[in-house]
């Protein structure tokens with residue numbers, strides 16, 4: 007089982023390919039769920055040189071940013087786990 011970490015949002019880089027998946031309507035739905043305190047699955051990141059790189063969870067990450075949050079729950083994956 008993967009360990010869930012609390013990650014600083016400002017330490018997470020979103021690659022251009024992930025940004026293309028972004029849907030503003032889905033962001034609103036996700037933000038509404040977070041505000042209702044609905045449990046969210048952790049995002050997935052990998053360790054980069056000086057920051058984390060987002061693998062999965064663009065809408066959860068952007069929704070938390072929009073809500074002014076500074077941390078998010080996430081899994082830190084290594085090459086063999088992706």
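In my numbering, the protein residues as written are 7 to 88.
Cβ coordinates follow ideal geometry from the N, Cα and C atoms, glycine included.
Please read these numbers as outputs of a predicted model, since none were measured by experiment.
Close-in-space but distant-in-sequence residues of the same chain around residue i (CB under 8 Å, 5 per side omitted)
i	result
residue 107	The question about residue 107 has no answer here: the residues shown for the chain are numbered 7 through 88.
residue 79	10, 11, 12, 13, 46, 48, 49
Neighbour-count burial assignment, residue i, 16 or more Cβ in a 10 Å radius
i	result
residue 12	exposed
residue 54	exposed
residue 84	exposed
Beta-carbon proximity check, residue i vs residue j, cutoff 8 Å
i	j	result
residue 69	residue 22	no
residue 49	residue 33	no
residue 66	residue 58	no
Proximity to residue i [Cα-Cα], best of the options
i	options	result
residue 75	24, 25, 54, 41	41
residue 44	19, 52, 35	35
Contact set for residue i: own chain, Cβ-Cβ below 6 Å, skip 5 residues either direction
i	result
residue 64	24, 27, 28
residue 4	There is no way to answer for residue 4, as the model of the chain reaches only from 7 to 88.
One or two residues paired with residue i in a DSSP bridge
i	result
residue 10	According to DSSP, residue 10 bridges with nothing at all.
residue 53	58
Own chain partners of residue i with C-beta closer than 7 Å, once the 5 adjacent residues on each side are dropped
i	result
residue 62	49, 50
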